[in-house]
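Structure first, then comments.
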Amino acid sequence: MRSGESVRVAAEVVDVAVPARPGRVSGVSMAGFSGRAKDLVELRVVPYPAVTLFIDLGDGLLVDDASGQRQRGAVVLGIAPDSAQAVGQGDVECLQVRLSPVLAYAVLGASSELEGTTVALDALWGNDAARTQEQLRAAESWDDRFAIAEDALARRHDAGRTVDAEVAFVWDQMMKNRGRVRIERLSAEVGWSRKRLWSRFRSQIGLTPKRAAQLVRFDHAVHRLAAGQSAALVAAQSGYADQSHLHRDVMAFAGVTPTAVAIAPWLAVDPVAWAAAQHLSRP
Numbered sequence: 001m002r003s004g005e006s007v008r009v010a011a012e013v014v015d016v017a018v019p020a021r022p023g024r025v026s027g028v029s030m031a032g033f034s035g036r037a038k039d040l041v042e043l044r045v046v047p048y049p050a051v052t053l054f055i056d057l058g059d060g061l062l063v064d065d066a067s068g069q070r071q072r073g074a075v076v077l078g079i080a081p082d083s084a085q086a087v088g089q090g091d092v093e094c095l096q097v098r099l100s101p102v103l104a105y106a107v108l109g110a111s112s113e114l115e116g117t118t119v120a121l122d123a124l125w126g127n128d129a130a131r132t133q134e135q136l137r138a139a140e141s142w143d144d145r146f147a148i149a150e151d152a153l154a155r156r157h158d159a160g161r162t163v164d165a166e167v168a169f170v171w172d173q174m175m176k177n178r179g180r181v182r183i184e185r186l187s188a189e190v191g192w193s194r195k196r197l198w199s200r201f202r203s204q205i206g207l208t209p210k211r212a213a214q215l216v217r218f219d220h221a222v223h224r225l226a227a228g229q230s231a232a233l234v235a236a237q238s239g240y241a242d243q244s245h246l247h248r249d250v251m252a253f254a255g256v257t258p259t260a261v262a263i264a265p266w267l268a269v270d271p272v273a274w275a276a277a278q279h280l281s282r283p
């Protein structure tokens, strides 16, 4: 485990642990969170281009979505959630695993069904979800927990289906170019019609290509806002037509203004928990 840090989230201090080195399964990021919330803490999720597993290792975490349904235990949060939030109180200990949607297609066996929703992991993994959670709870260190989670993901990945190579290529181009891509050009590059790419990408990634590119661009932009850059600069350098365009995108994805998302508690842990992925959000 790489040395963790304590981060203030809202009014609480959270200890963050991360793996010491990259795992053997590409497209996976993991972080462990622990702390004690004296009062009820509700953290609105700021959407990001990944599917997430929340595995509660204590008894203090709930995850809900726009439907108002709250779930505990091991929960999958689909890509681009609408009004989802993590709710914690008391002793909170949680493993969060972020999966590239290309990988999630194999690991979870679902994609478009997960868009913007929360689903219990056992609905996708069956008894393997309970066994994995028991092993994680019994583990004595975050190093052991990261290893257990990686083994479970590797097994599911090896046994699962894979996305079309063309779909994986288009997603990779979106990430490399921070969402600033022309879908028509990518369609031509992989030799597919626009209609075919739209259909395959939507069914395997969970979003249309246009929406996915917008999400990747939004993720890059909000991390620059959180780093203290002005909305005008971020809009100009992130592929938005103007500052109003950025404002509309942030409101559509996060439900708040650029000024508010810049200080969102959800983003407070990102420089520590997800530092390995933050190069995609740098100018």
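Per full-length UniProt numbering, numbering through the sequence shown is continuous, rising by one, with the last residue being 283.
We treat Cβ as the ideally placed atom computed from N, Cα and C, and that holds for glycine.
Where do the ends of the beta strand (DSSP E) carrying residue i lie?
i	result
Thr-118	118-120
Asp-64	61-64
Val-75	74-77
Val-170	It is not in any beta strand (DSSP E) - Val-170 instead sits in the alpha helix (DSSP H) that spans 165-176.
Ile-55	51-56
If I'm right that residue i touches residue j with Cβ under 8 Å, what's the distance once you round it to whole angstroms?
i	j	result
Ala-150	Arg-24	Strictly speaking, residue 150 in this sequence is Glu, with Ala absent from that position. Going by Cβ atoms, the distance from Glu-150 to Arg-24 rounds to 7 Å, so yes, they are a contact pair.
Val-28	Leu-153	6 Å
Leu-95	Met-30	7 Å
Arg-70	Leu-77	In fact, because the Cβ distance is near 12 Å, the residues do not count as touching under 8 Å.
Leu-186	Gln-173	6 Å
Over what stretch of residues does the alpha helix (DSSP H) that includes residue i continue unbroken?
i	result
Ala-152	142-159
Thr-208	Run containing Thr-208: none; DSSP gives neither H nor E here.
Pro-258	258-261
Pro-101	101-108
Pro-271	270-273
Leu-186	183-190
Arg-131	127-138
Leu-233	231-237
Leu-246	243-254
In whole angstroms, give me the CA-to-CA distance for residue i and residue j.
i	j	result
Gly-109	Gly-160	7 Å
Thr-52	Ala-235	27 Å
Ala-80	Tyr-48	6 Å
Arg-156	Val-119	17 Å
Leu-267	Val-16	13 Å
residue 338	Glu-93	As shown, the chain starts at 1 and ends at 283. That puts residue 338 outside it, with no answer to give.
Ala-264	Gln-85	12 Å
Phe-218	Arg-224	10 Å
Ala-74	Gln-237	38 Å
Phe-253	His-245	13 Å
Arg-131	Gly-239	45 Å
Gln-243	Val-102	31 Å
Ser-6	Ala-275	14 Å
Ala-241	His-247	11 Å
Asp-122	Ala-273	26 Å
Arg-98	Gly-206	15 Å
Gly-60	Glu-42	12 Å
Ile-148	Arg-72	20 Å
Leu-280	Val-222	Low local confidence applies: a pLDDT of 39 at Leu-280 is under 50, so the model's placement there is unreliable, with the coordinate-based value given in what follows. If I take the Cα positions, the gap works out to 12 Å.
Arg-2	Pro-209	For Arg-2, the pLDDT reaches just 49, beneath the cut-off of 50, and the residue's location in the model is therefore unreliable, although a value from the coordinates is still provided. Cα to Cα, Arg-2 sits roughly 35 Å from Pro-209.
Leu-197	Gln-133	37 Å
Arg-194	Glu-115	21 Å
Arg-202	Asn-127	29 Å
Using CA coordinates, which residue listed in the options is at the minimum distance from residue i?
i	options	result
Asp-91	Arg-98, Val-107, Ser-100, Leu-57	Leu-57
Phe-33	Val-13, Val-45, Ala-260	Val-13
Pro-258	Pro-271, Asp-270, His-220	His-220
Ala-129	Tyr-105, Lys-195, Ile-55	Ile-55
Ala-226	Gly-191, Ala-262, Trp-171, Val-250	Ala-262
Thr-117	Ser-83, Tyr-105, Asp-144	Ser-83
Ser-26	Val-46, Ala-104, Val-45, Arg-44	Ala-104
Contact between the segment 29-43 and the segment 164-175: three or more CB pairs below 8 Å?
no
Examine the Cβ distances between the segment 139-150 and the segment 223-238 and report whether three or more of them are shorter than 8 Å.
Touching, no, given that fewer than three Cβ pairs across the two stretches are closer than 8 Å.
Validate contact between the segment 204-223 and the segment 173-191 using beta carbons, cut 8 Å, 3 pairs
yes
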